[in-house]
DNA sequence: CTATCTTATCAAACATTGTTCGATAACCGA
DNA sequence: TCGGTTATCGAACAATGTTTGATAAGATAG
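Protein chains in written order, with the numbering used here: chain A, 62 to 294; chain B, 62 to 294.
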């Protein structure tokens, strides 16, 4: 049986990872092609090692995604902390929400794992704390503060997830521009029965060529206006 | 080679499906154990047929999920249409949002595929239209109406997805009650440094034993208040 | 220096998944 | 009876997350 077993390849060296490297490469894969691109084999290839090695650092793919999420959330958090300090706590809340929103737009995979993330700890917890601290400057009850902070996070994540859904491949390939894509939907809606779909006809012109960021800002503003009203300011 | 090939089993009859049956069983599987429970093999087993047969009705799992989502959305839509007609359009909006929210709470898998659903048509389109029609009764610009309807959907789906995330297995198994589960988080937060986490200490009592529905209603009310303000009513 | 334990790596196998292929039954109009 | 469309199904395929057992490399103790 000698020779059957694969003898130690002399030229081949053992790879040496680190948690930092694993997370960095994982995030890179996620950024390049989204969630399905992050496979253990692709990640192992990037790290120049074997597949099973990754399991020394994380116990499962879920944990890998949790850690990757927390990893990038660290950057978002420092960006947010550097921008607080306005006179108006509502202005601060707006800035924080926008910063988080922008981060999710750049990394659409964040939204999905922001929700699936039951562990309110680490940077996720700190982010929640930062937003909540602004509500401490408003004249609210503890319960209202609890609801306000949660509502703002929901608005950001909900809108970002809704708008950040992957466009169909023909848009990603660049064969069809975004405007053209929106135009196709607009065209379809214009063909609907005006009696049955008066609203779609009302907004189809607005939809065509709309900006996602404006849509988010408008929704955020509604929540902030309600909050300001509630605080009696 | 005669005999090698599996000869037609005489007692075994061919199964006969239908699109309706496929979707019904698919929804049943999703309801019982969420998204991962819906596999083509499990579905085929329920239908008493072969795996490949399902591919005559749907081209992929994505399409299966889209159709299943649209299927249950039909029921939500009729429930919503039966409840409109209040004097105050904002009251109607609230009822519609709550109805949709309740449907997602019962079926947490809906939230995920509500967002991934790029095809704004079918019942999804009708639902959007129903919500939008209420904004027609408010004194708003077309753009404001477009943003308002989108914001409400985002609030509902975002909050439902956030709150409807699957609790850990120990809660599902019933070995640990929900109150006990919340209590464990509360305990952890109480151990945080009060100087660094003043907000968490402020709301930990509210969090313990809170109701998800109340949390949603509070967030929704903020958006509706902002909307009412914008409409100048 | 040697022995031993811990840390870290890896190839290979395993189970499960979505999907495709080719065959073939069941029905139906001519 | 024939031919074509509709519908079903077993078997195989490729890709995935995960486990196993072996083993190298480094640190630590004797």
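Backbone N, C-alpha and C define an ideal beta-carbon position, used for all residues, glycine too.
Beta-carbon neighbours of residue i, restricted to chain B and to distances below 8 Å
| i | result |
| --- | --- |
| residue 203 (chain A) | 263, 264, 266, 267 |
Boundaries of the alpha helix (DSSP H) in which residue i is found, first to last residue
| i | result |
| --- | --- |
| residue 219 (chain A) | 203-224 |
| residue 278 (chain A) | 273-292 |
| residue 92 (chain B) | 80-94 |
| residue 200 (chain B) | No alpha helix (DSSP H) contains residue 200 (chain B), which DSSP labels as neither H nor E. |
| residue 240 (chain B) | 239-251 |
| residue 105 (chain A) | 101-108 |
| residue 266 (chain B) | 259-268 |
Contacts that residue i makes with chain B (C-beta to C-beta distance below 9 Å)
| i | result |
| --- | --- |
| residue 223 (chain A) | 175, 176, 211, 214, 215, 218, 219 |
| residue 102 (chain A) | Correct list: empty, because the minimum Cβ distance to chain B is about 21 Å. |
| residue 138 (chain A) | What residue 138 (chain A) touches in chain B: nothing, since even the nearest Cβ is about 13 Å away. |
| residue 197 (chain A) | 259, 260, 263 |
Interface partners of residue i on chain A, CB under 7 Å
| i | result |
| --- | --- |
| residue 206 (chain B) | 263, 264 |
| residue 190 (chain B) | 258, 260, 261 |
8 Å Cβ cut-off: residues of chain A touching residue i
| i | result |
| --- | --- |
| residue 193 (chain B) | 260, 261, 263, 264 |
| residue 48 (chain B) | This structure leaves residue 48 (chain B) out entirely; chain B is present only between 62 and 294. |
9 Å Cβ cut-off: residues of chain A touching residue i
| i | result |
| --- | --- |
| residue 84 (chain B) | In chain order: nothing, as chain A lies at least about 22 Å away. |
Hey, which unbroken runs of the alpha helix (DSSP H) at 4 residues or more fall wholly within the stretch 112-182 of chain B? 122-142, 150-167, 170-176
Interfacial residues, the stretch 244-263 of chain A to chain B, with Cβ spacing under 9 Å: 246, 249, 250, 253, 257, 258, 259, 260, 261, 263
Looking at chain B, which residues of the stretch 276-292 of chain A have a Cβ within less than 8 Å of any of its Cβ atoms? 276, 279, 280, 282, 283, 284, 285, 286, 287, 288, 290, 291
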